[in-house]
Amino acid sequence: MDKNYDPAKIEQDCYRFWEENGHFSPSGKGDPYCIMIPPPNVTGTLHMGHAFQDTIMDTLTRYHRMLGHNTLWQPGMDHAGIATQMVVERQLNAAGTSRQELGREKFLERVWEWKAQSGGTISNQLRRLGASVDWSRERFTMDEGLSAAVIEVFVRLHEEGLIYRGKRLVNWDPVLHTALSDLEVLSEEEDGHLWHFRYPLTGDSGRYLVVATTRPETMLGDTAVAVHPDDQRYSNLVGQSVELPLTGRTIPVIADDYVDPEFGSGCVKITPAHDFNDYEIGQRHALPMINIMTADACLNDEVPDAYRGLPRAEARNKVVADFEQLGLLEKVEDHRLKVPRGDRSGEIVEPLLTDQWYVRAEPLAKPAIAAVENGDIRFVPENWAKTYFEWMYNIQDWCISRQLWWGHRIPAWYDANGKCYVGRNEAEVRARNGLGAETKLRQDDDVLDTWFSSALWPFSTLGWPEKTPALSTWYPTSVLVTGFDIIFFWVARMIMMGLKFAGGVPFHEVYIHGLVRDEDGQKMSKAKGNVLDPLDLIDGIELETLVEKRTANLMQPHLRKRIEKATRKQFRDGIPAFGTDALRFTFLALATTGRDIRFDLGRVEGYRNFCNKLWNASRYVLLNTEGKDTPGDHEYSLADRWIRSRLAAALETARSNIQIYRFDLAARALYEFSWNEFCDWYLELSKPVLHGDADPAVQRGTRRTLTHCLEALMRALHPMMPFLTETIWQRVAPIAGISEATIIHQRYPEPSDFDRDPEAEAAIGWIRDFISGVRQVRGEMDIAPSRPVEVLLQDASAGDRQNAERHSLYLQSLARLSGIRVLAAGERPPPSATALHGSMKILVPMAGLIDPAAELARLGRKQAKTGKELAAGEKKLENPNFVSNAPAEVVAELRERVAALRETQAQLENQVTRVGELLDDNN
RNA sequence: AGGCGCGUAGCUCAGUGGUAGAGCACUACCUUGACAUGGUAGUGGUCGGUGGUUCGAUCCCGCCCGCGCCUACCA
């Protein structure tokens, strides 16, 4: 083995070995365990959030595989309708052509070409992350099988009346020319204005109502003015009408609870065709809906000539100018308002009346709510169930049509009269409706929302609607691992669809993880320029390359300077290569409940060092065991028994925490065991045994313990850091008598594989305290570690003497002692520095080593510390309420502690006196 | 406006009704034959503030301050 851990040398070979040998395939034996990957967008690349999520899923997958379960981690991607279409359109535009020029068929060919290329980026990233997905089962939402499932669901829902077509108000992207889901609309506060317009009252020249609006141009589509029914100021006007300026129309004044009398003038202009609230008011009052805009958000022919064809913004200016000219502009105020923008185009979304397809949500939501209420599905952490219910109780019908080309085309056909037929294909439609070849049918141009196919993902990937063995084996899946941001859009919809079509919940548990943020707590986004490619942490990246990467293809090029500056500041020397295992371990260590994670490079570095530590510990083990085995019995030393006991404890903690998704606690238990116990103490304790002339049977016991513990530790860590553990395991397993090719299918270690041994733990505790005591004196007195010292034991009990005798090999080696001498009762020791060990004193003679003044200072520090603790304890015991009310064992414990502290204090006092005398003598 | 979460060492984060912990950073010493991506020892915290419950609160409860997110939005 190399002296230093170098992830680049092992990781990719390791993955290739696994993949080529089909090690990720389900075993076909044991309880089924299945995770569906939340399909990433085929157009994109995996960001830190994905890497975090994938690490968690892979850890669960590998863990359950090692528990002997029939484990499937199902990979795949979604087709990301809008995003993908946009990318390809941009490519076409750059090449001087367009989607329209190419035509639908040719365009789709181009998209498929792009998909082949782009999808490769993500699969490569997944491989580099060590994801043990079953590649042979990879699925894509536009695959034939999945498309068949989409059509089947659409048709069945339609047959049941749960899908309908209607003219409704939708979020319309005027650049991309499609409806958007709420998820694709981002509302941010922006500076705007509030314009106050005067609407003259009909038949009463000179009197008018004042309405306030943030969107003056929409007044051309007003069909009413509303006031609150209880508003005294206007009650006499309800039922009358106003003359809508610029249009020559007369519109009614109506009363509706929606109006807030406190805001503005208390009068609201109502534009049912261009505002969601107004739309509902329009419904309630049967108001006409006048759509005044085109798909480009320009004014259409419903408005007076002067405004026709104007873009929204220009129309706004002209309307305001015209009001001013007419003397109908009351005032203009500055106003902050939330502006909804399409997240892809960045353009302001226009509420627009269009023909769309909808899923009737309420009947589907009912059983989906029940499934969480009755515990069929459990959220982890549980809090998220609230978020889920919140949405489900207020669920709206779901607009599933999109005016795109890339996606599942809606299986509906129209005849010449516009009559609509739904069916699995044209032939079925004709057959069912008795339509002969003479009837011309035209398929709906629109496609379905990507989320519609994603909602079927847990069962469509397993072969539904066919009754496949995979479906019956792995559905319902075990757990869904995802972010909270898509509980509404994806999780809830999978539950509804799963219950409706697959005969049960799609998963039993939903593990919701936090968001990965940058070091300043900012959300990572391309626009902010603070995104990190997980591969850049794995392989490292030069500063210049990183700057280039972050500033390339910016939507808003003016941000370039700021991003570059921030990047140069944060990553002065670029990013070093940490390797996948370190990155994964970092994610897991930070995966606490319900909390976003701030990504901290320092943590990754720390865990990279941990990898190196494991690497070198293994090197030590191999160096001392490989080819060193000799036949004969073995005997376990105290240290052997101790480390086995500690390993059992660590395994217990690790296992129980993985079960409850506390990866941070599991990771920490194994980290602490590895570093603080196995490396810091056990390996050191093994040295005097192996390098000395110990009994060969004991040496065999130690070698055995070294290999067995390391081998088990590698298995315990494997789900978290797969590459390092596989590499080391393959070397150490044969020595432990295991002759198999890979760690992947080995059993996850159990606490009962090793014996708990309280006696050994106590004994090693004594030894550690002894060694630490000497080291403290050495450290604080600046005695060179290379210089052996002799220690004297004063007031040693029979047990102490026995321990010192029995464990002298350990003590001498780890504390670097030249000898241990027990002082006879009453024997006066030479001037010494002291370490207290229970009632025993470990004395390090000062002669030539220690400056009495320094020892005095050190004792002083100890006294202060002990004194403080003692005072607090005594104060508590003096409180009669405490003594009478606190549990007896708590009081007893405190009494003991205080007694011990008094003893310590007295001994320190003693030493201070003695050293003080020495100082006086010297003077 | 409603909901959720957070506030613990300089930084990133664990944690518990009864002696406050880790990693990184920092200080001193050390290249001892697994590892300087290391070792040993150490410095560092009125656990956001304030009341209450309790013998005892960093932990439970109320209020306040600060931060973040989500949902609904005021035309």
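Residues in the first sequence are numbered consecutively from 1042, following this note's numbering. Just so you know, even glycine gets a beta-carbon here, dropped at the ideal spot from N, CA and C.
Inset, instruction - Please classify Arg1005: is it buried, with 16 or more other beta-carbons within 10 angstroms of its beta-carbon, or exposed? - result: Past the edges of the chain, shown from 1042 to 1964, lies residue 1005, and the structure says nothing about it.
Inset, instruction - Assign Val1216 to one of three DSSP states: helix, strand, or coil. - result: coil
Inset, instruction - Determine the burial state of Ile1824: buried for a count of at least 16 other Cβ atoms within 10 Å of its Cβ, exposed for fewer. - result: buried
Legend entry - Residue span of the beta strand (DSSP E) that contains Ala1874, given as start and end: 1873 to 1878
Inset, instruction - Just the C-alpha distance for Thr1586 and Ile1769, rounded to the nearest angstrom, thanks. - result: 33 Å
Legend entry - Exposed unless 16 or more other CB atoms sit within 10 angstroms - verdict on Arg1613: exposed
Legend entry - Three-state secondary structure (DSSP) of Val1557: strand
Inset, instruction - Look up Glu1781 in the DSSP assignment and say whether it is helix, strand or coil. - result: coil
Legend entry - Gly1908 versus Gln1946: straight-line alpha-carbon distance, rounded: 7 Å
Inset, instruction - Measure the Cβ-Cβ separation of Val1211 and Gln1324 and say whether it is below 7 Å. - result: no
Legend entry - Classification of Gln1843 by the beta-carbon crowding that lies within 10 angstroms, buried from 16 upward: exposed
Inset, instruction - Please classify Met1881: does DSSP put it in a helix, a strand, or coil? - result: strand
Legend entry - Member of Ile1785, Gly1085, Gln1787, Thr1746 whose CA lies at the smallest distance from the CA of Ile1776: Thr1746
Legend entry - Three or more C-beta pairs below 8 Å linking the region 1124 to 1133 and the region 1093 to 1112: no
Inset, instruction - May I ask you to list the residues that DSSP assigns as paired with Gly1207? - result: Gln1397
Inset, instruction - Assign Pro1404 to buried or exposed, taking buried as 16 or more other Cβ atoms, counted over all protein chains shown, within 10 Å of its Cβ. - result: exposed
Legend entry - Exposure of His1786, with buried meaning 16 or more beta-carbon neighbours within 10 Å: exposed
Inset, instruction - Pick out whichever of Pro1517, Gly1860, Gly1562, Glu1550 has its Cα sitting closest to the Cα of Phe1542. - result: Pro1517
Legend entry - Spatial distance of His1981 from Glu1821 (CA atoms): The shown model of the chain, from 1042 to 1964, leaves out residue 1981, and the question about it has no answer.
Inset, instruction - Reducing DSSP to helix, strand and coil, say where Asn1415 ends up. - result: coil
Inset, instruction - Please classify Arg1788: does DSSP put it in a helix, a strand, or coil? - result: coil
Legend entry - CB-CB length for Glu1343 against Ile1331, believed under 8 Å: 5 Å
Legend entry - Cβ neighbour criterion (16 or more within 10 Å) applied to Glu1374: exposed
Inset, instruction - In angstroms with no decimal places, state the Cα-to-Cα distance between Leu1242 and Leu1351. - result: 28 Å
Legend entry - Beta-carbon spacing of Phe1795, Ala1865 below 7 Å: no
Legend entry - Nearest-angstrom beta carbon gap, Ile1204 and Leu1198 [assumed within contact, 8 Å]: 4 Å
Legend entry - CA nearest to the CA of Trp1153, picked from Asp1184, Gly1504, Trp1656, Val1196: Asp1184
Inset, instruction - Report the partner residues of Asp1375 according to the DSSP bridge assignment. - result: His1234
Legend entry - Rounded straight-line distance, which links the Cα of Lys1654 to that of Ala1708: 15 Å
Legend entry - Cut-off 6 Å between Cβ atoms - residues of its own chain near Asp1297, not counting five sequence neighbours on either side: Ala1267, Ile1322
Legend entry - CA nearest to the CA of Ala1511, picked from Ala1049, Gln1053, Cys1075, Asn1045: Cys1075
Legend entry - Sequence-distant residues of the same chain with beta carbon closer than 6 Å to Gly1262, five excluded per side: Thr1312, Ala1314, His1315, Ile1331, Ile1333
Legend entry - Cβ contact check for the region 1826 to 1834 and the region 1849 to 1866: 3 or more pairs under 8 Å: yes
Inset, instruction - Determine, using beta carbons only, whether Met1535 and Pro1499 come nearer to each other than 7 Å. - result: yes
Legend entry - Same chain, Cβ closer than 6 Å to Phe1093, five either side skipped, listed in chain order: Val1557, Phe1628
Inset, instruction - Any chance you could list the beta strand (DSSP E) runs of at least 3 consecutive residues sitting entirely within the region 1662 to 1744, in chain order? - result: none
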